[in-house]
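Residue numbers (my numbering), protein chains in the order written: chain A, 75 to 179; chain B, 191 to 601. Ideal placement from N, C-alpha and C gives every residue a C-beta, glycine not left out. Have a look at the structure below before the remarks.
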């Protein structure tokens with residue numbers, strides 16, 4: 075279990091516990107982080123788990139797959155340098171303390 | 191229940207019902223919210239049931255929200271509970287436990303039930319359907335030791351399951367009455383590409399073929415007898431022949447039914463305190479001027495957002511670009527918009543492989559729908575184009591450069 079922080083669309087900051095082996099999106103929806111609808115359930119096709127990485131872990135985040143980059147590039151919420159689809163990132167020890175800002179819609 | 195504040199009661203905890211509860215709270219709705227589900231499982235994602243849930247014997251259900259979320263947000267869940275009646279005059283429902291519950295707003299998100307085969311032998315042990323987690327567990331439990339499966343119906347559920355069963359090493363035959371797969375759901379070009387993929391994975395496809403009977407040996411399914419007299423020996427049958435809207439409760443309450451629970455633009459039924467969303471409702475579709483009923487996660491969740499806004503005090507008409515996806519083996523099919531009524535289709539091939547990548551459906555100069563195969567970014571862009579009502583020239587579409595199309599859309 076690690077701690078992650080999400081800044082919800084309302085501006086509220088929420089710290090959650092995330093279980094290892096799940097995705098960041100699954101941890102966020104389990105905790106009910108607002109603004110993450112996760113409609114496709116983690117299939118990398120709806121972009122409703124889009125977050126900006128506000129504070130990255132020291133070791134950085136895992137690289138994006140081509141599909142994640144592709145979805146982010148063409149979704150209606152413009153991609154930013156720190157954009158990620160949280161369904162594509164597995165919860166791991168070295169991500170502890172990462173801060174995400176929910177893009178929402 | 192006298193003295194208890196009336197709130198919103200949601201019947202059905204699938205994608206639509208659960209999202210409605212979530213959005214009521216996100217909107218700041220502070221009255222009681224009760225989410226009632228005949229399904230005993232905690233609200234879960236349905237699409238994985240025919241895919242990842244089948245891959246390993248112990249894959250868990252994927253929850254829509256964690257159990258603590260419902261406690262934290264004061265959403266009362268009543269799982270494994272049916273609603274047996276609606277007293278519209280009193281704005282009160284009765285549960286299978288005999289309890290009653292008063293509402294100010296009632297949301298029917300009752301979904302669909304699997305259409306059942308009506309041929310002789312349809313009830314034999316070994317004949318499965320796939321709508322709920324319970325169905326999926328039964329099917330998954332039957333896979334160990336099964337060698338040959340026959341899938342009746344070449345729709346999305348049947349084809350997703352066919353790919354998954356073939357990947358697990360079963361010998362799989364799909365029997366479809368129509369002349370091609372995905373008859374109402376996808377274009378002939380896309381259906382042909384998917385058929386070729388499935389055949390490449392060893393799945394046998396029998397189109398234009400009816401089922402006459404399911405035959406037993408020792409009390410279990412042993413063969414599917416086809417309309418032409420042939421028998422397909424098997425130890426498992428999955429019927430994926432469509433779904434019918436669950437309208438019994440609404441009908442008994444005297445609400446208007448016409449291919450689903452008929453609603454107005456605000457998703458209100460013929461009783462303005464009762465709303466219907468998702469697979470069970472027929473809603474007015476502005477572009478075609480007709481009432482439509484769609485079976486998709488997107489339709490359910492977008493309608494949930496709209497109805498939650500209305501109940502929270504901001505009257506909202508439902509309008510959204512429909513989109514849909516299906517993972518059939520390694521093929522990711524995505525559909526944005528509705529192709530019905532198109533008079534022109536443009537096929538785009540992937541430049542590297544020449545394989546079909548997308549089909550753009552137009553009516554005159556207007557884009558109606560885009561089907562994509564393994565082209566997720568193009569699908570996202572198609573949704574933007576449809577939402578903005580922007581149609582690139584045929585030449586721009588046919589050039590197949592998605593970035594150039596994005597520049598057109600955002601420029």
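{"query": "Does the CB of residue 553/B have a neighbour CB from chain A at under 8 Å?", "result": "no"}
{"query": "For residue 75/A, would you say it is in contact with chain B, using Cβ-to-Cβ distances shorter than 8 Å as the test?", "result": "no"}
{"query": "Does the CB of residue 192/B have a neighbour CB from chain A at under 8 Å?", "result": "Its pLDDT being 47, under 50, residue 192/B is placed unreliably by the model, and nothing is read from it."}
{"query": "Compare the C-beta of residue 154/A against all C-beta atoms of chain B and say whether one is closer than 8 Å.", "result": "no"}
{"query": "Of the choices 343/B, 511/B, 456/B, whose alpha-carbon is the least far from that of residue 560/B?", "result": "511/B"}
{"query": "Leaving aside the five residues before and after residue 159/A along the sequence, list all residues of the same chain whose C-beta is less than 7 Å from its C-beta, in chain order.", "result": "118, 121, 123, 124, 142, 145, 146"}
{"query": "Taking residue 108/A as the query, report the chain B residues whose CB atoms sit under 9 Å from its CB, ordered along the chain.", "result": "212, 215, 216"}
{"query": "Comparing the C-beta of residue 127/A with each C-beta of chain B, is any distance below 8 Å?", "result": "no"}
{"query": "For a contact meaning CB atoms closer than 8 Å, what does residue 92/A contact in chain B?", "result": "Neighbours of residue 92/A on chain B: none; closest Cβ ~11 Å, over 8 Å."}
{"query": "Indicate whether at least one CB of chain B lies closer than 8 Å to the CB of residue 176/A.", "result": "no"}
{"query": "At 8 Å on the CB atoms, spell out the chain B contacts of residue 99/A, in chain order.", "result": "Simply none; closest approach about 10 Å."}
{"query": "Going by alpha carbons, who is nearest to residue 586/B out of 557/B, 429/B, 259/B, 402/B?", "result": "557/B"}
{"query": "Closest by CA to residue 571/B, which one among 210/B, 246/B, 524/B?", "result": "524/B"}
{"query": "Are residue 315/B and residue 411/B touching if we call contact CB-CB under 8 Å?", "result": "yes"}
{"query": "In whole angstroms, what is the alpha-carbon distance linking residue 192/B and residue 75/A?", "result": "Summary for residue 192/B: the model assigns pLDDT 47, below 50, so the residue's position carries little reliability; its value from the coordinates is reported in the next sentence. So the alpha carbons of these two residues sit roughly 45 Å apart."}
{"query": "Looking at residue 239/B and residue 631/B, is the spacing between their C-beta atoms short of 8 Å?", "result": "Residue 631/B cannot be examined here, being either before or after the span of chain B that is shown, 191 to 601."}
{"query": "Excluding the 5 residues flanking residue 356/B on each side, which residues of the same chain have their C-beta closer than 8 Å to its C-beta?", "result": "362, 388, 391, 392, 393, 519"}
{"query": "Can you pull the chain A residues whose beta carbon is under 9 Å from the beta carbon of residue 592/B, in chain order?", "result": "144, 147, 148"}
{"query": "Output, in chain order, the set of chain A residues within a Cβ distance shorter than 9 Å of residue 487/B.", "result": "113, 114, 115, 120"}
{"query": "Should residue 542/B be labelled buried (16 or more other beta-carbon atoms within 10 Å of its own) or exposed?", "result": "exposed"}
{"query": "Closer than 7 Å, Cβ to Cβ, to anything on chain A: give me those residues from the region 467–491 of chain B, in chain order.", "result": "487, 488, 491"}
{"query": "Which word fits residue 220/B, buried or exposed, when buried means at least 16 other C-beta atoms lie within 10 angstroms of its C-beta?", "result": "exposed"}
{"query": "What do you get for residue 429/B, buried or exposed, if any count of 16 or more other CB atoms within 10 angstroms of its CB means buried?", "result": "buried"}
{"query": "What are the start and end residues of each continuous alpha helix (DSSP H) run of 4 or more residues lying completely inside the region 551–598 of chain B, in chain order?", "result": "566–578, 584–589"}
{"query": "What residue ranges within the region 78–126 of chain A form continuous beta strand (DSSP E) runs of no fewer than 3 residues, ordered along the chain?", "result": "87–92"}
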